[in-house]
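Participant: Chains as they are written, first to last, in full-length UniProt numbering: chain A, 1 to 157; chain B, 1 to 157. Don't be surprised by glycine CBs; every beta carbon is placed ideally from N, CA and C. Note that the structure is a prediction, hence the values are computed from the model and not measured.
There are 2 protein chains.
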Amino acid sequence: MSVTQPVHPDNASKDRLRLWLRMLKASRMIETQLRENLRAEFQSTLPRFDVMAALSRYQDGLKMSQLSDVLRVSNGNVTGIVDRLADDGCVVRVPVPGDRRASLVRLTKRGHEEFAVQAKAHEDWINDILSEFSANQAVTVSGHLDALVTALEGKAP
Amino acid sequence: MSVTQPVHPDNASKDRLRLWLRMLKASRMIETQLRENLRAEFQSTLPRFDVMAALSRYQDGLKMSQLSDVLRVSNGNVTGIVDRLADDGCVVRVPVPGDRRASLVRLTKRGHEEFAVQAKAHEDWINDILSEFSANQAVTVSGHLDALVTALEGKAP
DNA sequence: AGATTATACTTGAAGTCTAAAATATTTTTA
DNA sequence: TAAAAATATTTTAGACTTCAAGTATAATCT
Numbered sequence: 001m002s003v004t005q006p007v008h009p010d011n012a013s014k015d016r017l018r019l020w021l022r023m024l025k026a027s028r029m030i031e032t033q034l035r036e037n038l039r040a041e042f043q044s045t046l047p048r049f050d051v052m053a054a055l056s057r058y059q060d061g062l063k064m065s066q067l068s069d070v071l072r073v074s075n076g077n078v079t080g081i082v083d084r085l086a087d088d089g090c091v092v093r094v095p096v097p098g099d100r101r102a103s104l105v106r107l108t109k110r111g112h113e114e115f116a117v118q119a120k121a122h123e124d125w126i127n128d129i130l131s132e133f134s135a136n137q138a139v140t141v142s143g144h145l146d147a148l149v150t151a152l153e154g155k156a157p
Numbered sequence: 001m002s003v004t005q006p007v008h009p010d011n012a013s014k015d016r017l018r019l020w021l022r023m024l025k026a027s028r029m030i031e032t033q034l035r036e037n038l039r040a041e042f043q044s045t046l047p048r049f050d051v052m053a054a055l056s057r058y059q060d061g062l063k064m065s066q067l068s069d070v071l072r073v074s075n076g077n078v079t080g081i082v083d084r085l086a087d088d089g090c091v092v093r094v095p096v097p098g099d100r101r102a103s104l105v106r107l108t109k110r111g112h113e114e115f116a117v118q119a120k121a122h123e124d125w126i127n128d129i130l131s132e133f134s135a136n137q138a139v140t141v142s143g144h145l146d147a148l149v150t151a152l153e154g155k156a157p
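1) How far does the beta strand (DSSP E) with residue 88 of chain B in it extend, from its first residue to its last?
2) Please return the same chain residues whose Cβ sits closer than 6 Å to the Cβ of residue 44 of chain A, not counting the five positions on each side in sequence.
3) Is residue 23 of chain A close to chain B, meaning its C-beta is less than 8 Å from at least one C-beta of that chain?
4) Do residue 129 of chain B and residue 152 of chain A have their beta-carbon atoms positioned less than 8 Å apart in this structure?
5) Given residue 35 of chain A, which residues of its chain have a CB within under 8 Å of its CB, disregarding the five upstream and five downstream residues?
6) Does the Cβ of residue 2 of chain B have 16 or more other Cβ atoms within 10 Å, making it buried, or fewer, making it exposed?
7) In terms of alpha-carbon separation, which member of B:67, B:134, B:144 and B:154 lies closest to residue 148 of chain A?
8) Inspect the beta-carbon positions of residue 106 of chain B and residue 61 of chain B and report whether they are closer than 8 Å.
9) For residue 99 of chain A, name the three-state secondary structure that DSSP assigns.
10) Leaving out five residues on either side along the sequence, give the residues of the same chain with a beta carbon under 7 Å from the beta carbon of residue 81 of chain A.
11) Can you give me the Cβ contacts of residue 108 of chain A inside the same chain, cut-off strictly under 8 Å, excluding the 5 residues immediately before and after it?
12) Just checking, does the segment 135-144 of chain B make contact with the segment 116-126 of chain B on the three C-beta pairs under 8 Å criterion?
13) Would you mind telling me which residues of chain B sit closer than 9 Å to residue 121 of chain A, beta carbon to beta carbon, in chain order?
14) Report the residue ranges of all beta strand (DSSP E) runs contained in full by the segment 92-147 of chain A; include only those spanning at least 3 residues, in chain order.
15) Check whether the Cβ atoms of residue 18 of chain A and residue 27 of chain B lie closer than 8 Å to each other.
16) If the cut is a Cβ gap below 8 Å, which residues of chain B does residue 67 of chain A touch?
17) Quick one: does residue 49 of chain B have its CB under 8 Å from some CB of chain A?
18) Which residue's Cα is closest to the Cα of residue 66 of chain B: B:42, B:104 and B:86?
19) List, in chain order, every chain A residue whose beta-carbon is nearer than 7 Å to that of residue 28 of chain B.
20) According to DSSP, residue 19 of chain A sits in a beta bridge with which residue or residues?
21) Does the CB of residue 32 of chain B have a neighbour CB from chain A at under 8 Å?
22) Rounded to whole angstroms, how far is the Cβ of residue 64 of chain B from the Cβ of residue 75 of chain B, which I believe are closer than 8 Å?
23) Between the C-alpha atoms of residue 33 of chain A and residue 40 of chain A, what's the straight-line distance to the nearest angstrom?
24) Is the beta carbon of residue 145 of chain B sitting closer than 8 Å to the one on residue 22 of chain A?
25) Suppose you measure from the CA of residue 98 of chain A to the CA of residue 29 of chain A; what does that come to, to the nearest Å?
26) Going straight from the alpha carbon of residue 12 of chain B to that of residue 115 of chain A, what length do you get?
27) Output, in chain order, the set of chain A residues within a Cβ distance shorter than 9 Å of residue 129 of chain B.
28) Answer yes or no: does any C-beta atom of chain B fall closer than 8 Å to that of residue 37 of chain A?
29) Along the alpha helix (DSSP H) that carries residue 57 of chain B, what are the first and last residues, could you check?
30) Name the chain B residues whose beta carbon is nearer than 7 Å to that of residue 137 of chain A?
31) Rounded to whole angstroms, what is the Cα-Cα separation between residue 73 of chain B and residue 84 of chain B?
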């Protein structure tokens, strides 16, 4: 009498690998598309948009290190992006009273207006790109990914 | 008489946006993790790994232009990555008989060995990172993403 | 054949990204 | 309080990236 046993005991590993490769491919394609749209319509870039989006969520402003934390890009990187946004008058660096090392980065009025327009366009682009997913599917997969992100954050906080 | 109508007629748009933001976040976290692992364990990088993975799938070797095609990175970019891999003795440029412009890039014996180890580690890392997903879930979500990728490829070929 | 066009690749400029070193400024410790 | 440790940010070095221009070679046209 034989015991029923899968030929590939750890097939799950391959399935997960495939999932990752698909996810990577999809993300890159979407990113490329968004990058193109941002450049064509607003002469802007994804990193700039990301920074503005973060600042838009935190009306009181964020310190450089908090920004790089939220955006998960390196510290030194944020410097350049914020520099350029400041040049364009979209953000300002506000000194933090009592700590001369730090400064808060905040959206200017112009930055807010600019971002409002871009955010709307961005949502429309995504809605179009992801039309493949129904609202229900979107919610379901979001849930999985959220759990994944939470798990990852728990591993190396 | 009032008609029953949802307050947010295009809620799906928000759901899809959330899906994208989660996907982006998850992808970036995973990429960062992989990058770190590759650097710490193999003193290598993601682009290098990608090139070796491609060459591993095409045992007969790939021309530079084919490589840049498969990897979807620019032509000039591949030159540098292959240069460095060649310096490390992981790949060689083999002249194509009958066409002195082109050369085939192939993994060396050392490159093959190196990649075998890295690929195994890579799969294990992913299996660990994505342990949140069951094999079934992985397959299901893969399916959605695949459909998405196909749809995207159909839009701008 | 000789001139044009196309292909394969490399080079160079300009910019982005990460990780790590350097700087400046608190905060903590002995 | 002086020294050490921690924090916030910038600077730097080097890999990666694209795009445009350049070089060499091959294929095509007249």
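Facilitator: Here's the rundown:
1) Looking up residue 88 of chain B in the second sequence gives position 88. Per DSSP, residue 88 of chain B belongs to no beta strand (DSSP E) and is neither H nor E.
2) Taking the first residue of the first sequence as 1, we reach residue 44 of chain A at position 44. So the list reads 38, once near-sequence residues are dropped.
3) Residue numbering aside, residue 23 of chain A sits at position 23 when the first sequence is read from its first letter. By this cut-off, residue 23 of chain A is an interface position.
4) Residue 152 of chain A sits at position 152 when you count from the first residue of the first sequence. Residue 129 of chain B sits at position 129 when you count from the first residue of the second sequence. Yes, the pair counts as a contact, with Cβ atoms nearer than the cut-off.
5) Position 35 of the first sequence, counted from the first residue, corresponds to residue 35 of chain A. Excluding positions up to five away in sequence, the list reads 45 and 46.
6) As a first step, residue 2 of chain B must be located in the second sequence, where it is residue number 2. Bear in mind that a pLDDT of 46 at residue 2 of chain B, under 50, signals an unreliable position, so the number given afterwards is only what the model happens to contain. Under this definition residue 2 of chain B is an exposed residue.
7) Counted from its first residue, the first sequence places residue 148 of chain A at position 148. Checking every option, the nearest Cα to that of residue 148 of chain A belongs to B:134.
8) Residue 106 of chain B sits at position 106 when you count from the first residue of the second sequence. Residue 61 of chain B sits at position 61 when you count from the first residue of the second sequence. Yes. Within cutoff.
9) Start at 1 with the first residue of the first sequence, and residue 99 of chain A comes out as number 99. It is a strand residue.
10) Within the first sequence, the letter at position 81 stands for residue 81 of chain A. Within the same chain, residue 81 of chain A has close Cβ partners 47, 48 and 51.
11) One-based indexing of the first sequence puts residue 108 of chain A at position 108. Here the set comprises 89, 90, 91 and 92.
12) No contact exists between the segment 135-144 of chain B and the segment 116-126 of chain B.
13) On the first sequence, residue 121 of chain A is found 121 positions in, with the first residue counted as 1. By Cβ distance, chain B contributes nothing, its closest Cβ being about 12 Å from residue 121 of chain A, past 9 Å.
14) 99-107
15) Counting from one through the first sequence, the residue named residue 18 of chain A turns up at place 18. Counting from one through the second sequence, the residue named residue 27 of chain B turns up at place 27. Result no, Cβ atoms of residue 18 of chain A and residue 27 of chain B do not sit closer than 8 Å.
16) Reading the first sequence from its first residue, position 67 is the one you call residue 67 of chain A. Ordered by position in chain B, no residue passes the 8 Å Cβ test against residue 67 of chain A, which lies about 15 Å from the chain.
17) Taking the first residue of the second sequence as position 1, residue 49 of chain B is located at position 49. Closer than 8 Å: no.
18) Indexing the second sequence from 1 puts residue 66 of chain B at position 66. That would be B:104, whose Cα lies nearest to the Cα of residue 66 of chain B.
19) Here residue 28 of chain B refers to the residue found at position 28 when the second sequence is read from its first residue. Chain A residues near residue 28 of chain B: 72.
20) Locating residue 19 of chain A in the first sequence gives position 19, where the first residue counts as 1. In the DSSP output, where bridge partners are listed per residue, residue 19 of chain A has none listed.
21) Residue 32 of chain B sits at position 32 when you count from the first residue of the second sequence. Yes, its Cβ sits closer than 8 Å to a Cβ of chain A.
22) Counted from its first residue, the second sequence places residue 64 of chain B at position 64. Counted from its first residue, the second sequence places residue 75 of chain B at position 75. Yes, residue 64 of chain B and residue 75 of chain B are in contact; Cβ-Cβ is about 7 Å, under 8 Å.
23) Position 33 of the first sequence, counted from the first residue, corresponds to residue 33 of chain A. Position 40 of the first sequence, counted from the first residue, corresponds to residue 40 of chain A. The alpha-carbon of residue 33 of chain A is positioned some 11 Å away from that of residue 40 of chain A.
24) For the purposes of this step, residue 145 of chain B is identified with residue 145 of the second sequence, where counting begins at 1. For the purposes of this step, residue 22 of chain A is identified with residue 22 of the first sequence, where counting begins at 1. Yes. Within cutoff.
25) Numbered from 1 along the first sequence, position 98 holds the residue referred to as residue 98 of chain A. Numbered from 1 along the first sequence, position 29 holds the residue referred to as residue 29 of chain A. Answer to the nearest angstrom: the Cα atoms are 45 Å apart.
26) Counted from its first residue, the second sequence places residue 12 of chain B at position 12. Counted from its first residue, the first sequence places residue 115 of chain A at position 115. Cα to Cα, residue 12 of chain B sits roughly 22 Å from residue 115 of chain A.
27) By one-based count along the second sequence, residue 129 of chain B stands at place 129. Those within 9 Å of residue 129 of chain B in chain A are 16, 20, 148, 151, 152 and 155.
28) For this step, residue 37 of chain A is matched to residue 37 along the first sequence. No - not a single Cβ of chain B is within 8 Å of the one on residue 37 of chain A.
29) Taking the second sequence and counting its residues from 1, the one referred to as residue 57 of chain B is at position 57. Counting along the chain, the alpha helix (DSSP H) containing residue 57 of chain B begins and ends at 46-57.
30) Counting from one through the first sequence, the residue named residue 137 of chain A turns up at place 137. Under the 7 Å cutoff, chain B gives 144.
31) For the purposes of this step, residue 73 of chain B is taken as residue 73 along the second sequence, with counting starting at 1. For the purposes of this step, residue 84 of chain B is taken as residue 84 along the second sequence, with counting starting at 1. In a straight line, the C-alpha of residue 73 of chain B is about 16 Å away from that of residue 84 of chain B.
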